[in-house]
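I have placed the structure first, in the form of structure tokens, so that the comments after it can refer back to it.
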Amino acid sequence: MCKRLSLEVMRTYLRQRERGDEVAAEQKVLFQAHAEEVEEQICRLKARQRYLHGKVTYWDARMSNDMEAAKQIAAQNKEIAKEL
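Spelled out as structure tokens, the structure:
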């Protein structure tokens, strides 16, 4: 079950699980909060991925001696870096 839940949240889940449906709403809140945390992690990872793709593209431009493209890509990556 441990899908990267904190130890405290895991303990709460396990305690509540024994009480069954009477704590269904509380269980839902635990998993809803975790789902939101995972969504935030995904957003951060996507920003990192865009940044890394930008770096690859930047070096492709440099290797092709396309300094104008490299300059534009560097500016874009600078903006992406603000999200990191």
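Those letters in the sequence shown? Residues 242 to 325, per the working numbering, in order. We treat Cβ as the ideally placed atom computed from N, Cα and C, and that holds for glycine. Since the model is a prediction, treat every value here as computed from it, not as a measurement.
In the structure shown, D301 falls within a helical segment according to DSSP collapsed to helix, strand and coil. Assignment of K319 by DSSP, reduced to helix, strand and coil, places it in the helix class.
Using a Cβ-Cβ distance cut-off of 8 angstroms, the segment 313-321 and the segment 287-296 are in contact, since at least three pairs of beta carbons, one from each stretch, lie closer than that value. D301 and R291 have their alpha carbons spaced roughly 15 angstroms apart.
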